[in-house]
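These notes concern the structure reproduced below.
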Amino acid sequence: MSFTITKKDKKTNARIGIFKTNHGTIKTPFFMPVVTKGIAKFITLDILDDIKTQCFISNCYLLYLKPGKELLEKTKGYHNFINWKKPIFTDSGGFQLKNPSFFISMNDKGVWFKSPFDGSKHFMSPEKVIEMQNVIGSDIAMILDDMQDANLSREAYEIATDRTIAWAKRAILAHKNKKQMLFGIVQGGVYKDLREKCAKEINKLPFDGLAIGGLALGEPKESMHKAIDYSLKHLDEEKIKYLMGLGSPEDIIVSIGKGVDCFDSIYPTKMARHGFIFTRKGPIFLKKAKYKDVFEPIEKDCDCPTCKRHTLAYLHHLLRLDEPGVKILLSIHNIRFLHRLLEDSRKEIEKGTFESFQKKFLKEFKKRD
Ligand SMILES: [Zn+2]
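-15 is the number of the first residue of the sequence shown in the numbering used here; add one for each residue after it.
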């Protein structure tokens, strides 16, 4: 289990690397689809495998509720239960536990929350999250952090930053599984001093990787990118960096240039379900009448099963009828689009031409409707 940077770009901070886990090797930078409950929304695991997904992320707190610890102990882990041979990340649930529909209360001990399945009351602490991720057997476990919604008072972010640092220290002490890597998370909202303080403290701890959390929650894009910079500046360059929850193609390409190695987001599949699909010439809204007789694939050079078999006209027809199956077809394309974008980024970094690729992509991606 290790992370090795194999090449650094000379003009940007982009880099390519090899991330070795207990279930195989990942080429970085990479994108992880979200497999919340053991399956991605409208995509099965075999399809994720077919479209060259290297790794996905699941959620510790949801797996704790269902199927639950006992069942995952019986199957000797989540990999066996779902029959997935490649690496898996698990998020602690710090983000979802703050959802107003489930959240009850929080203090320095941990978080109390309601099950979205049956309303039952539960508690998660930094230690319990590590213990559960050990049972899940994910290759990469995330610490429990205190994540605040965008647009709260500065005081709320100060408390969350200090709590995240304290919980990170408790997580390190609780983590004993030698087959599982543990990542720390930097919080601090969009505040420069809080981000820097948190990054410096998290960076001091012996984590295998470093994540930046609490962004892409509705804050202005410029503030988000500044917060990424404030965090990255104080993180060990040689460690793998994971930017949590960021999935727009532009943000990914910009962040690769800052030195980020790993991304996850529900954005591509959520967009697909609403009929928005990614192309290198910008996203398109497939419900528009102009696609009703376009007998071409979404992208001619895309190797996804949807583009290899179907035309825009056919997909438009299904979307207008609100056929559920179209959500499968469009989600496949949007995820494969991001995988291809990251594959191309890796090639361009290898060649030393990432900066011009990045500029061209950002210019072209704005062109279409
Ligand atoms: Zn495609």
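Built from N, CA and C at the ideal position, the CB exists for glycine as well.
query                                                                                                          : result
Distance between beta carbons of Q164 and D123, contact taken as under 8 angstroms                             : 6 angstroms
Three-state secondary structure assigned by DSSP to M255                                                       : helix
Inter-residue spacing [alpha-carbon to alpha-carbon] between K112 and H106                                     : 11 angstroms
Cβ-heavy atom distance, R257 to ligand 1, below 7 angstroms                                                    : no
C-beta contact flag for E283 and R257 at 8 angstroms                                                           : no
Exposed unless 16 or more other CB atoms sit within 10 angstroms - verdict on L136                             : exposed
Contact between the segment 214 to 228 and the segment 239 to 254 (3+ Cβ pairs under 8 angstroms)              : yes
Neighbouring residues (CB closer than 6 angstroms to any heavy atom of ligand 1)                               : I282, E283, C286, C288, T290, C291, H317, R320
Residue(s) in a DSSP beta bridge with M(-15)                                                                   : Per DSSP, none; premise fails for M(-15).
Cβ contact (3+ pairs, closer than 8 angstroms) linking the segment -7 to 0 and the segment 259 to 277          : no
Buried or exposed by the 16-neighbour rule on C-beta atoms within 10 Å, applied to T5                          : buried
Spatially closest choice to T(-10) from P13, G8, N318, by CA coordinates                                       : P13
Segment limits, beta strand (DSSP E) that includes L227                                                        : 224 to 227
Neighbour-count burial assignment, N397, 16 or more Cβ in a 10 Å radius                                        : Residue 397 lies beyond the residue range present for the chain, which begins at -15 and ends at 353; the question has no answer from this structure.
Opening and closing residue of the alpha helix (DSSP H) in which S215 lies                                     : 205 to 216
For C286, three-class secondary structure by DSSP                                                              : coil
Stretch pair the segment 315 to 334 + the segment 207 to 215: three plus CB contacts closer than 8 angstroms   : no
Start-end ranges of the alpha helix (DSSP H) lying completely within the segment 51 to 127, minimum 4 residues : 53 to 58, 62 to 66, 110 to 120
Terminal residues of the alpha helix (DSSP H) in which A297 lies                                               : 296 to 304
C-beta atoms of F167 and L201 nearer than 8 angstroms                                                          : no
Under 8 angstroms between C-beta atoms of A155 and I127                                                        : yes
Exposed unless 16 or more other CB atoms sit within 10 angstroms - verdict on N43                              : buried
Spatial distance of E203 from N64 (CA atoms)                                                                   : 39 angstroms
Within 8 angstroms, strictly: CB atoms of H366 and N187                                                        : A question about residue 366 goes unanswered here, because the residues of the chain that appear run from -15 up to 353.
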